[in-house]
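One structure is given here, and the rest of the page talks about it.
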Amino acid sequence: MRLFLKVSKLNLKPKNNYFCIVKIHEKYIKRCIELAKNGLGTTYPNPLVGSVIVYKNKIIGEGWHRMAGEPHAEVNAINSVKDKSQLQKATIYVSLEPCSHFGKTPPCCDLIIRNRIPNVVVGTVDPNVKVAGNGIKKLIAAGAKVTFGILEDECNELNKRFFTFHQKKRPYIILKWAESQDGFIAPDATFRKVQNNDVKKPVWITSPYSRQLVHKWRSEEQAILVGTQTVIDDNPILDVRNWTGSNPIRVVLDKNNRIPNDSYVFNNQCKTIVISKTTTNRDKENLIFDNVDLEKEIAQQLTQAMYRHQIQSVIIEGGRQTLQTFIDANLWDEARVFSGITIFGDGTRAPILPKSNRKNQVIGQDELIISRNHD
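If you use our numbering, the sequence shown corresponds to residues 52 to 426, in order.
As structure tokens, then:
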């Protein structure tokens with residue numbers, strides 16, 4: 052834990068008093084994290100931030116950042132305080148360092164300083180080069196007592212997408228697939244005809260409960276990426292029709308322009324980026340064509356393209372070759388793998404994921420395994 056304290060003004064004598072204060076700080080930063088999660092999926096390209104204002108050990112104001120372009124968490128928290136005179140003896144808690152630059156909204160540091168809030172407790176430092184410690188410096192220069200590094204790991208986890216984008220210059224990458232009980236992500240053509248009498252219809256491996264959960268995930272992430280064969284075989288819509296929220300940006304890999312023009316991914320109902328080796332297509336409403344060198348390091352090229360398009364998080368939904376490409380390049384942060392009760396007998400084998408930290412849970416009749424890549 053990293054702390055910057057004007058210790059002389061805290062009047063700390065016994066050591067256990069110090070730890071008591073840290074525990075109090077942790078309590079309110081946890082509340083900030085809870086509030087911040089309300090903005091998951093709606094704040095891009097901004098981070099998730101929650102803020103709490105405490106006066107005499109009582110919360111007098113709360114807020115979180117709801118949407119890019121709207122007031123930040125600190126602004127909403129300060130505005131929610133009924134008796135503004137209490138601010139001059141209060142402590143403001145915020146999960147991420149207050150901004151110190153002008154964007155679509157004014158700097159939060161200036162508002163804190165203007166309201167003469169004497170104590171500021173910050174969960175973690177903002178990795179954005181426009182802030183990156185400058186907010187803390189500005190508050191200290193104005194005379195505020197600033198504590199930072201409280202529940203730092205938890206605050207970093209809260210904004211894993213934002214941090215990955217700014218620190219690694221790529222989106223946070225989530226691999227997702229469903230596999231049959233015998234390890235296939237798609238059946239052969241014979242199985243499709245027997246089940247559907249139509250090889251173009253998707254064959255569902257998981258239950259409706261799992262499929263609804265996937266739509267919830269889509270509403271939380273900024274983009275979803277699929278390969279050419281997935282679009283040709285399944286003609287997916289890639290929206291959130293089974294959940295409430297915004298549709299993700301569709302990123303479609305179409306290396307040799309093989310995807311039919313009547314595919315759902317070209318229906319203009321949500322923003323779609325088509326990445327190919329060569330294309331003569333022109334951009335249309337909600338449809339962008341991006342030429343990328345796909346002859347080598349395909350995963351790296353795709354992540355660089357998404358970074359250029361300011362995409363902070365993406366779900367890679369397949370097919371197998373696309374998923375395995377990201378796995379082999381070690382370009383992934385999470386893998387969410389469903390295992391259904393269906394048995395295919397033959398078909399397309401599931402990707403091979405290296406050993407990693409995993410946790411299992413049951414979703415209806417399905418098993419969900421979530422892995423984290425800590426490399």
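Every residue, glycine too, gets a C-beta built ideally from N, C-alpha and C.
Residue closest to residue i, alpha-carbon to alpha-carbon, out of the options
i       : options                            : result
Trp-294 : Ile-104, Gln-263, Phe-317          : Gln-263
Ile-143 : Cys-321, Leu-190, Ser-261, Asn-408 : Leu-190
Arg-212 : Lys-328, Leu-404, Trp-383, Glu-418 : Trp-383
Ile-84  : Asp-177, Leu-99, Phe-70            : Leu-99
Leu-345 : Ser-258, Pro-149, Lys-335, Ala-356 : Ala-356
Thr-373 : His-360, Leu-276, Gly-415          : Leu-276
Phe-199 : Ser-131, Gly-174, Asp-161          : Gly-174
Ser-390 : Ile-236, Ala-192, Gly-194          : Ile-236
Val-145 : Thr-330, Ile-201, Ile-300, Val-303 : Ile-201
Ile-420 : Ile-111, Ile-163, Lys-267, Leu-226 : Leu-226
Ile-80  : Leu-91, Lys-88, Ser-102            : Ser-102
Asp-204 : Leu-147, Val-254, Trp-228, Ser-258 : Leu-147
Lys-88  : His-116, Lys-74, His-76, Asn-307   : His-116
Cys-159 : Asn-127, Lys-133, Gln-412          : Asn-127
Lys-347 : Gly-370, Ala-380, Thr-399          : Ala-380
Lys-322 : Phe-340, Arg-309, Asn-68           : Phe-340
Asp-397 : Asp-239, Gly-120, Lys-133, Lys-188 : Asp-239
Ser-270 : Asp-284, Ser-297, Glu-125          : Ser-297
Lys-219 : Pro-287, Thr-281, Thr-331, Gln-361 : Gln-361
Asp-417 : Trp-255, Ile-111, Val-282          : Trp-255
Ile-164 : Asn-68, Ile-187, Thr-156           : Ile-187
Buried versus exposed call for residue i [16 or more other C-beta atoms within 10 Å across all chains shown]
i       : result
Met-118 : exposed
Cys-71  : exposed
Lys-107 : exposed
Tyr-260 : exposed
Gln-232 : exposed
Thr-329 : exposed
His-425 : exposed
Asn-408 : exposed
Pro-405 : exposed
Asn-411 : exposed
Phe-153 : exposed
Cα-Cα separation between residue i and residue j, rounded to whole angstroms
i       : j       : result
Gln-375 : Pro-402 : 6 angstroms
Thr-393 : Val-171 : 54 angstroms
Lys-135 : Gln-363 : 37 angstroms
Thr-94  : Ser-422 : 25 angstroms
Leu-138 : Pro-149 : 17 angstroms
Arg-292 : Leu-209 : 26 angstroms
Ser-131 : Asp-290 : 35 angstroms
Val-176 : Asn-207 : 9 angstroms
Glu-336 : Ile-324 : 11 angstroms
Lys-267 : Val-343 : 30 angstroms
Ile-366 : Lys-109 : 40 angstroms
Ala-274 : Leu-162 : 33 angstroms
Thr-257 : Asp-305 : 27 angstroms
Three-pair Cβ contact test at 8 angstroms for the region 348-361 versus the region 311-320: no
Inter-stretch contact at 8 angstroms, needing at least 3 Cβ pairs: the region 74-94 / the region 180-188: no
Contained beta strand (DSSP E) runs [length at least 3] in the region 151-191, N- to C-terminal order: 170-175
Inside the region 335-383 only - alpha helix (DSSP H) runs reaching at least 4 residues: 349-359, 371-379
Start-end ranges of the beta strand (DSSP E) lying completely within the region 262-332, minimum 3 residues: 274-277, 300-304, 323-327
Whole runs of the beta strand (DSSP E) within the region 89-114, excluding any shorter than 3 residues: 101-106
In chain order, each alpha helix (DSSP H) run of at least 4 residues that lies wholly inside the region 381-419: none
Complete runs of the alpha helix (DSSP H) confined to the region 119-145 [at least 4 residues]: 124-130
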